[in-house]
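The structure under discussion appears below in the form of structure tokens.
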Amino acid sequence: MGTEIQLKLGGIGMTYAKNHRGPDHGALFQPADRQTVRSDQIDCEYCEDEGEDPTPMEWAFVRKLRHVVPRLEMLGFTLDVARKAYSDWIVEWKDERESLQDEGDPPIPDPLSFDEFCAFANRQPIVDLDDKFLTSDDEWVDRRKPKGRFVSDIDVIERIPRGFDHDDMAWSERSYFGTCVNILHPYLMLRIFAGNGVNLDTDVLWHYGELVENGYATAEAFVPSARRRETFLIATEGSSDAHILRHGLALLRPDVADFFRFIDVSERHPFPGTGNLLKFAEGLAKIDVHNQTVFVFDNDAEGADAFGKVGTLTLPPNLRAMLLPSLECFRSFPARGPEGDNQADINGRAAAIECYLDHRLKGYPPPRVVWTNFKKEMDTYQGSLEHKESYTRAFLGLRADTLASSGYDTGNVEQLLDALIGECTAMAAEGVVALFDTPGA
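Quick note on this note's numbering: the sequence shown kicks off at 75 and runs consecutively.
This is the structure in structure tokens:
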């Protein structure tokens with residue numbers, strides 16, 4: 075009979091393979107997600123009677139959908155991509171239907187809009203659907219008929235753009251629902267199912283233990299975490315920028331921290347400063363490097379100038395540049411210059427990465443930017459935050475288990491991290507769209 079392996083959400087199979095690993099879903103999970111889970115393919119009574127330990131057959135990766143969603147986004151499987159994929163599929167579906175339409179056939183139903191499709195997919199939580207096996211006198215025919223609560227939804231279901239070769243065999247209310255809606259890439263369907271709050275707390279399961287125990291794959295084939303081709307190299311102006319971003323991701327965005335790589339600055343930064351980062355970007359653009367890379371410039375005068383110059387380059391899709399985000403709280407920030415102390419807008423003038431940290435340090439005065447030199451080409455002053463090394467040390471000393479009790483304000487740095495994640499997500503999404511648009515992909 076062989077051994078099946080599926081990626082499942084609440085019992086609904088998203089992918090299927092038999093006697094081999096099938097698609098690699100390791101990037102959806104992290105090392106802590108590896109655990110033992112009872113499998114419906116294991117005869118537990120037999121194992122108990124024979125005194126066999128079923129544990130090796132129970133190994134799986136398990137993660138709540140709400141913690142899978144950020145990883146789906148980092149892989150480029152966003153709702154916007156799902157909307158485009160659905161729209162593109164409707165065009166193919168209509169062409170297929172029209173090519174086979176004979177005179178006298180009933181009219182082709184008007185397909186559900188993407189929003190209507192999502193509403194139907196999330197109308198009820200997956201775990202609330204009955205998974206009891208239904209039998210009938212004519213089982214083969216019956217397995218193609220609506221089940222349970224979906225009997226009254228036939229008009230809506232007929233408007234779901236399912237291809238003629240779509241697998242519509244079902245044996246329960248839950249499996250019937252799966253055959254109705256699983257029409258897009260499984261990762262896009264997972265992203266769509268996240269629109270239901272209960273689904274967010276439902277397990278995404280990749281059960282592999284029995285496949286390994288039966289000799290169809292090795293345990294080494296099931297590895298968690300982002301693959302190298304799925305990670306993003308983050309290039310920064312200085313060492314402190316890299317340390318702050320790396321620590322911030324691990325501390326505040328642990329669900330996706332493994333998607334990020336940083337240039338080794340343990341001994342020294344190989345290209346320190348704004349000008350060198352600009353030259354590095356120019357060099358990578360010319361040599362057709364294939365790594366997904368994001369160049370991160372400070373939101374100060376020098377960084378804004380360099381960021382503008384990168385914008386004149388012809389960058390391939392896998393290279394992007396970003397400026398640290400402008401924040402409302404930076405529009406009136408304490409500053410000191412030739413005319414003394416005042417409040418100034420430091421966005422695009424002095425907002426280096428240390429400005430995004432919590433500046434409430436015992437024994438230190440309130441934060442202040444000092445205007446240092448005039449940038450003639452931009453007609454503005456460049457500024458620098460006082461005591462920035464102390465703010466950096468305080469942030470790097472934070473630990474996950476004591477963060478909540480520390481009272482540290484992470485609001486600004488979280489906005490920074492979300493801006494970085496947004497750039498990477500957009501890059502990955504472009505890659506997924508390009509792959510879908512490739513003939514034969």
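Idealized CB from N, CA, C, for every residue including glycine.
Determine the extent of the beta strand (DSSP E) in which R410 is found, giving its start and end residues. 407 to 411
What do you get for R467, buried or exposed, if any count of 16 or more other CB atoms within 10 angstroms of its CB means buried? exposed
Considering only C-alpha positions, which residue in the set F135, M243, R302 is nearest to H364? R302
DSSP-derived helix/strand/coil call for W245: coil
Per-residue DSSP class, three states only, for R197: coil
With 16 other CB atoms within 10 Å as the buried threshold, where does E132 fall? buried
For H259, three-class secondary structure by DSSP: coil
What beta strand (DSSP E) runs, 3 residues minimum, are completely inside the segment 382 to 454? 393 to 397, 407 to 411, 414 to 418, 443 to 449
My output table needs one value for V363: the three-state DSSP class, helix, strand or coil. coil
Beta-carbon separation of F371 and L431 under 8 Å? no
Could you say which of R95, G496, G485 lies nearest to N288 if we only look at CA atoms? R95
Does the segment 439 to 459 touch the segment 345 to 363, meaning 3 or more C-beta pairs lie closer than 8 Å? no
Whole-angstrom distance between V155 and L323, CA atom to CA atom: 25 Å
Beta bridge counterpart(s) of K92 as assigned by DSSP: E78
Where Q104 falls, given that 16 or more other Cβ within 10 Å makes a residue buried: buried
Is there contact between the segment 257 to 273 and the segment 146 to 166, where contact requires at least three CB pairs shorter than 8 Å? yes
Span of the beta strand (DSSP E) around A134: 133 to 138
Range of the contiguous alpha helix (DSSP H) that encloses Q489: 485 to 511
Taking R265 as the reference, which of L509, L352, L146 has the closest Cα? L146
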